[in-house]
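So the sequences go chain by chain: A and B.
Using this note's numbering, you'd call the opening residue of the first sequence number 2 and step up by one each time.
Using this note's numbering, you'd call the opening residue of the second sequence number 5 and step up by one each time.
Positions of the beta carbon are idealized from the N, C-alpha and C atoms, including for glycine.
Quick caveat, the model's predicted, so the values are computed rather than measured.
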Amino acid sequence: MNAPVRRLALLVAALFGSLLVSTTLIQYVFAADLNARADNRRTLLSTYARDRGDILVGQTPIATSEPSDDEFKYQRIYAEGPLYAHVTGFYSFYGASGGLEQAEDSLLSGSSDKLFYRRVSDLFTGRKPQGANIETTLDPAVQEAAARGLDGVKGAAVALDPSTGAILALVSRPTYDPNSVSGHDLEEVETRYAALNEDPDTPLVDRAISGDLYPPGSVFKVVTAAAGLTSGDVTPDSVLPGGAFLELPQTDATLPNHDNVPCSPTGEVTLTEAMVVSCNPAFGQLGMDIGAEALQDQAARFGFGDAVSVPMPVTPSSVPSDMNEPQLAQASIGQYDVRVTPLQMAMVAAAVGNNGRVMKPYLDQSVIGSDLSVIESAGRTELSEAVPSEVAGQLRDMMVDVVQRGTGTLAQIPGVEVAGKTGTAEHGTGRKAHAWFIAFAPADDPEIAVAVIVEDAAAAGSEISGGQVAGPIARQMMEARLNE
Amino acid sequence: MSVVSSPAPRKGRNIELVLLLGAVGIVGLAYLNVGLAALGTVPPGIFALTGGYLAVAIAMHLVLRWRASYADPLMLPIVTLLNGLGLVMIYRIDIAKGRSITEGVALKQLMWSALAVAIAAGVIIVLRDHRLLRRYTYLAGVLGFGLLLLPLLPVIGTSEFGSRIWIRIGPMSFQPGEVAKLLLAIFFAGYLVQTRDALSVAGRKVLGMTLPRARDLGPILVAWGASLAVLVFERDLGSSLLFFGLFVAMLYVATERISWIAIGLTLFVAGAYVAYLIFGHVQTRVLLWLDTFSPDALAASDQLAKGLMGMAAGGMVGTGLGRGRPDLTYFAESDFIIPSFGEEMGMIGLFALLMLYALLVERGLRTSLGTRDGFGKLLAAGLAFSLALQCFVVVGGVTRVIPLTGLTMPFLSSGGSSLLANWTLVAILLRISDHARRPLPEVGQSGVADAQTQVVKMP
Numbered sequence: 002m003n004a005p006v007r008r009l010a011l012l013v014a015a016l017f018g019s020l021l022v023s024t025t026l027i028q029y030v031f032a033a034d035l036n037a038r039a040d041n042r043r044t045l046l047s048t049y050a051r052d053r054g055d056i057l058v059g060q061t062p063i064a065t066s067e068p069s070d071d072e073f074k075y076q077r078i079y080a081e082g083p084l085y086a087h088v089t090g091f092y093s094f095y096g097a098s099g100g101l102e103q104a105e106d107s108l109l110s111g112s113s114d115k116l117f118y119r120r121v122s123d124l125f126t127g128r129k130p131q132g133a134n135i136e137t138t139l140d141p142a143v144q145e146a147a148a149r150g151l152d153g154v155k156g157a158a159v160a161l162d163p164s165t166g167a168i169l170a171l172v173s174r175p176t177y178d179p180n181s182v183s184g185h186d187l188e189e190v191e192t193r194y195a196a197l198n199e200d201p202d203t204p205l206v207d208r209a210i211s212g213d214l215y216p217p218g219s220v221f222k223v224v225t226a227a228a229g230l231t232s233g234d235v236t237p238d239s240v241l242p243g244g245a246f247l248e249l250p251q252t253d254a255t256l257p258n259h260d261n262v263p264c265s266p267t268g269e270v271t272l273t274e275a276m277v278v279s280c281n282p283a284f285g286q287l288g289m290d291i292g293a294e295a296l297q298d299q300a301a302r303f304g305f306g307d308a309v310s311v312p313m314p315v316t317p318s319s320v321p322s323d324m325n326e327p328q329l330a331q332a333s334i335g336q337y338d339v340r341v342t343p344l345q346m347a348m349v350a351a352a353v354g355n356n357g358r359v360m361k362p363y364l365d366q367s368v369i370g371s372d373l374s375v376i377e378s379a380g381r382t383e384l385s386e387a388v389p390s391e392v393a394g395q396l397r398d399m400m401v402d403v404v405q406r407g408t409g410t411l412a413q414i415p416g417v418e419v420a421g422k423t424g425t426a427e428h429g430t431g432r433k434a435h436a437w438f439i440a441f442a443p444a445d446d447p448e449i450a451v452a453v454i455v456e457d458a459a460a461a462g463s464e465i466s467g468g469q470v471a472g473p474i475a476r477q478m479m480e481a482r483l484n485e
Numbered sequence: 005m006s007v008v009s010s011p012a013p014r015k016g017r018n019i020e021l022v023l024l025l026g027a028v029g030i031v032g033l034a035y036l037n038v039g040l041a042a043l044g045t046v047p048p049g050i051f052a053l054t055g056g057y058l059a060v061a062i063a064m065h066l067v068l069r070w071r072a073s074y075a076d077p078l079m080l081p082i083v084t085l086l087n088g089l090g091l092v093m094i095y096r097i098d099i100a101k102g103r104s105i106t107e108g109v110a111l112k113q114l115m116w117s118a119l120a121v122a123i124a125a126g127v128i129i130v131l132r133d134h135r136l137l138r139r140y141t142y143l144a145g146v147l148g149f150g151l152l153l154l155p156l157l158p159v160i161g162t163s164e165f166g167s168r169i170w171i172r173i174g175p176m177s178f179q180p181g182e183v184a185k186l187l188l189a190i191f192f193a194g195y196l197v198q199t200r201d202a203l204s205v206a207g208r209k210v211l212g213m214t215l216p217r218a219r220d221l222g223p224i225l226v227a228w229g230a231s232l233a234v235l236v237f238e239r240d241l242g243s244s245l246l247f248f249g250l251f252v253a254m255l256y257v258a259t260e261r262i263s264w265i266a267i268g269l270t271l272f273v274a275g276a277y278v279a280y281l282i283f284g285h286v287q288t289r290v291l292l293w294l295d296t297f298s299p300d301a302l303a304a305s306d307q308l309a310k311g312l313m314g315m316a317a318g319g320m321v322g323t324g325l326g327r328g329r330p331d332l333t334y335f336a337e338s339d340f341i342i343p344s345f346g347e348e349m350g351m352i353g354l355f356a357l358l359m360l361y362a363l364l365v366e367r368g369l370r371t372s373l374g375t376r377d378g379f380g381k382l383l384a385a386g387l388a389f390s391l392a393l394q395c396f397v398v399v400g401g402v403t404r405v406i407p408l409t410g411l412t413m414p415f416l417s418s419g420g421s422s423l424l425a426n427w428t429l430v431a432i433l434l435r436i437s438d439h440a441r442r443p444l445p446e447v448g449q450s451g452v453a454d455a456q457t458q459v460v461k462m463p
């Protein structure tokens with residue numbers, strides 16, 4: 002009976018062999034997949050159990066993890082939650098969602114490869130792994146000024162440091178309180194999240210960088226003017242049509258000036274005057290003169306079409322291609338299908354103020370380890386040269402005139418030269434227009450560039466109206482920066 | 005010059021003692037580790053409990069020295085280590101569930117362990133020769149089948165968690181399947197050693213296989229019917245597979261005819277397939293096995309899914325004892341103790357455990373090879389194979405090699421009846437191994453002749 006016993010031993014070896022294989026498959030080959038499953042409570046608990054890093058404005062944390070005495074070990078707390086909601090995002094059962102929480106999840110949670118050596122040393126010292134802290138570029142005074150200005154309305158405001166690209170303010174309204182969806186009561190979080198998600202005013206959306214993109218209206222005339230000046234065929238003193246409307250080729254439709262009044266009594270204006278009074282016929286003609294390609298190229302040099310991350314992904318702004326002449330005329334005054342983010346328009350203003358150079362916008366000033374050592378520090382990156390510096394100077398002079406004696410007088414700051422441009426962007430007939438303002442100050446060496454949009458706040462067809470609503474908000478933001 | 009006498013066979017008792025100290029040492033360290041990792045302090049009674057466990061193991065060792073001095077020296081240390089690690093993991097789950105040591109399951113399990121070792125020692129002392137068991141072949145058969153089907157009786161049989169494999173008398177509950185496994189192995193060995201000649205008579209030859217005569221198919225059909233009854237009425241695929249597999253394996257060892265395995269496998273697969281077609285609970289088990297993460301399966305039970313995620317969380321090296329969350333899986337201390345080990349000791353730790361079991365089985369099969377009597381050979385092979393098959397059914401169930409069943413892991417899982425049965429099983433294996441390794445008294449050399457004197461000893 003020994004032979005069958007030996008064969009039985011072979012069978013036993015095969016049985017145990019199959020168990021070794023199945024164990025290997027589960028614990029090694031497919032382990033990552035299993036750990037990544039959404040319904041994996043262990044993964045959820047262990048990510049919660051980490052001491053997630055802080056998000057800082059200056060030295061003040063706007064998001065921090067505090068020990069809690071439940072099974073999740075830590076509770077995420079957002080100081081001034083609604084003010085910084087779109088900057089922080091929130092951290093809930095749905096994972097890190099929106100803002101820096103999502104964009105820098107691996108750094109905050111401590112799993113990033115950038116923290117590799119730290120993790121190895123944690124392994125040997127037995128120290129609990131800690132996430133890195135992220136110090137933002139935000140200026141709380143500017144952020145608060147923007148939030149105050151947009152209180153109770155829908156819209157967005159962005160402020161940049163023109164010479165570096167550092168984001169000084171990033172505000173989107175309406176907002177929400179990230180604390181309300183970061184609790185440890187699953188049912189409560191689900192209800193509140195569903196309510197926010199279904200709210201028709203979309204408070205979860207960051208309108209400043211990733212909303213449904215806005216038509217820019219007249220603030221886009223800066224881009225059209227830049228295209229004209231860069232082409233060399235046009236100077237600030239070039240004469241353009243300035244009647245109450247512009248006849249368009251190929252169609253019976255016309256391009257009317259705002260308020261249906263002529264830009265000048267003579268029916269002709271210089272480019273500078275066209276900018277000062279925001280003359281639609283003049284810019285419509287300028288656009289048709291330089292052509293669609295020149296306009297698109299100019300927009301691209303300002304950053305249109307680029308997918309940048311700040312580190313949150315920014316939806317690229319766009320100028321439509323394949324336009325016919327009437328569409329090109331419309332696009333030249335920021336209508337038709339031109340679509341922008343407020344951040345992109347702030348970049349346009351900043352580039353004009355920065356001698357034509359577009360700096361990459363960023364929100365992370367530095368990444369700081371739990372032991373306060375700096376792991377990564379932001380450096381300024383030039384994205385492109387939008388216009389030569391002499392053109393930038395010409396554009397700046399025109400924008401200064403806009404604020405001194407044109408449509409943007411409400412943005413004046415005593416003792417400081419401000420450059421700006423108003424906009425009233427129509428979107429659909431019968432609805433109120435979006436009010437726009439882009440600006441930078443001081444004009445000769447700007448410390449801040451801003452873009453402000455207030456949704457459905459301006460009388461359609463009235464250029465003054467846009468400046469009246471958005472201009473003061475831009476002024477308060479710039480004052481907040483300059484008064485420091 | 006040549007030496008006529010064979011070298012003195014090694015008893016291995018001193019090796020056993022050293023290994024035993026190592027095994028208890030590992031268990032003590034694991035206990036300390038769990039306390040430090042999960043509680044942050046030295047666990048309660050570390051010296052008393054480890055010392056007590058050592059005393060129990062040493063007592064068993066002394067019994068072996070006294071009554072079975074040639075017994076296999078590896079079995080006791082392996083089983084001591086497995087049982088001890090099981091205790092540690094059960095205590096670790098107690099901590100996770102917030103139970104103190106006095107109200108937890110671990111201390112009960114320790115008492116059961118002591119009782120199980122006492123019974124095993126009793127078996128070694130009372131059972132001087134395993135061949136005595138052959139006298140009780142049919143008694144064991146009746147008791148074995150009786151116990152197997154006992155949970156089907158009204159009143160005392162209870163259905164828990166989908167399987168009717170428990171009997172409950174007052175506050176006592178008992179899973180008779182484990183004891184039945186032992187008794188049936190004795191019955192099969194006794195029965196087959198008698199009938200093996202008849203069963204191996206050749207019948208017709210089909211497809212190169214010599215089939216047995218039709219009239220000899222009776223026993224296998226009875227065993228098949230019983231195992232299907234267990235599958236269908238007790239809803240216990242594991243026990244069903246275990247008993248039928250055990251019977252077929254022993255039948256094969258007894259008759260050396262591969263055709264019995266073919267017939268057995270065919271019968272079981274056919275029976276199981278019909279049961280799958282007819283019974284909803286079998287279909288659910290299969291769904292859970294094949295498509296664990298489908299919404300339907302998760303709605304039926306997410307236990308297997310949770311166990312798998314626990315093992316994945318452990319990965320290659322594990323979270324470390326006391327550092328994982330094995331308590332998130334139901335029955336983490338009994339049916340799912342293997343995923344608990346997988347989570348906290350990792351793939352490497354599980355490999356080590358599986359190797360311990362494989363080694364134990366190997367020692368059992370080696371005992372079978374070395375045994376001179378047919379009954380002992382069959383019994384040892386059967387007992388060893390039943391251990392292997394049970395490991396396969398349990399670990400294969402939680403790692404999706406086969407559908408999940410309700411069996412417990414021998415020596416590791418929480419549960420008194422399982423411990424008693426498996427320690428007794430090892431005691432019988434030890435008894436047979438003592439017989440297998442003990443040198444035969446050489447003809448003409450006995451009594452006085454064994455006593456060497458200085459005078460005749462060669463330099």
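Residues of the segment 375-387 of chain B with a C-beta atom less than 9 Å from some C-beta of chain A are 378, 381, 382, 384 and 385, listed in chain order. In this structure, residue 78/A and residue 180/A form a Cβ contact; the two beta carbons are roughly 7 Å apart against a cut-off of 8 Å.
The beta carbon of residue 333/A sits closer than 7 Å to those of 225, 284, 285, 287, 288 and 296, all from its chain and outside the five residues before and after it, given in chain order. At a cut-off of 4 residues, not a single continuous stretch assigned as alpha helix (DSSP H) sits fully inside the segment 331-369 of chain B. In the structure shown, residue 224/B falls within a helical segment according to DSSP collapsed to helix, strand and coil. Straight-line measurement puts the Cα of residue 384/B at about 38 Å from the Cα of residue 306/B.
DSSP lists 383/A as the beta-bridge partner residues of residue 360/A.
In this structure residue 209/B is exposed. Its beta-carbon is surrounded by fewer than 16 other beta-carbon atoms within 10 angstroms.
For residue 42/A, the chain B residues whose C-beta falls within less than 9 Å of its own C-beta are 310, 313, 329 and 332, listed in chain order. For residue 38/A, the C-beta contacts it makes with chain B under 8 Å involve 297 and 313, in order along the chain. A distance below 9 Å separates the beta carbons of residue 392/A and residue 357/A. Against residue 5/A, the close residues of chain B are 256, 257 and 260, in the order they occur along the chain (beta-carbon pairs closer than 7 Å). Note on the segment 121-181 of chain A: whole beta strand (DSSP E) runs with a minimum of 3 residues are 134-137, 156-161 and 168-174, in chain order. Residue pairing for residue 425/A: DSSP places it in a beta bridge opposite 436/A. Here residue 277/B carries a helix assignment [DSSP, helix/strand/coil].
Taking a beta-carbon distance threshold of 9 Å, residue 32/A counts as an interface residue toward chain B. The C-alpha of residue 333/B is placed about 16 Å away from the C-alpha of residue 38/A.
Secondary structure at residue 57/A: strand, using DSSP grouped into helix, strand and coil. The CB of residue 154/A never comes closer than 8 Å to any CB in chain B; the least such distance is about 44 Å. For residue 177/A against residue 83/A, the beta-carbon gap comes to about 7 Å, under 8 Å, which counts as contact.
Inclusion of residue 80/A and residue 62/A in the CB contact set at 9 Å is warranted, their separation being smaller than that value.
Per DSSP, residue 367/A is one residue of the beta strand (DSSP E) stretching across 365-369. Bridge partners of residue 185/B according to DSSP: none are assigned.
For residue 456/A, there is no enclosing alpha helix (DSSP H); the enclosing beta strand (DSSP E) has its first and last residue at 449-459. Comparing alpha carbon positions, the residue from 67/B, 114/B, 96/B and 99/B closest to residue 87/B is 114/B. Residue-level contact by beta carbon holds for residue 396/B and chain A, with a gap shorter than 9 Å.
For residue 241/A, the uninterrupted beta strand (DSSP E) run begins and ends at 240-242, by DSSP. Counted as a single uninterrupted DSSP element, the alpha helix (DSSP H) harbouring residue 326/A occupies residues 326-333. Under the Cβ criterion of 9 Å, residue 403/B is counted among the residues facing chain A. Per DSSP, reduced to three states, the secondary structure at residue 350/A is helical. One thing to note: residue 155/A has its Cβ within 9 Å of the Cβ of residue 456/A. Secondary structure note for residue 77/A: it is in no alpha helix (DSSP H), and the uninterrupted beta strand (DSSP E) holding it is 75-78. Those residues of the segment 15-31 of chain A placed with their C-beta closer than 9 Å to a C-beta in chain B are 16, 17, 19, 20, 21, 22, 23, 24, 25, 26, 27, 28, 29 and 31, ordered along the chain.
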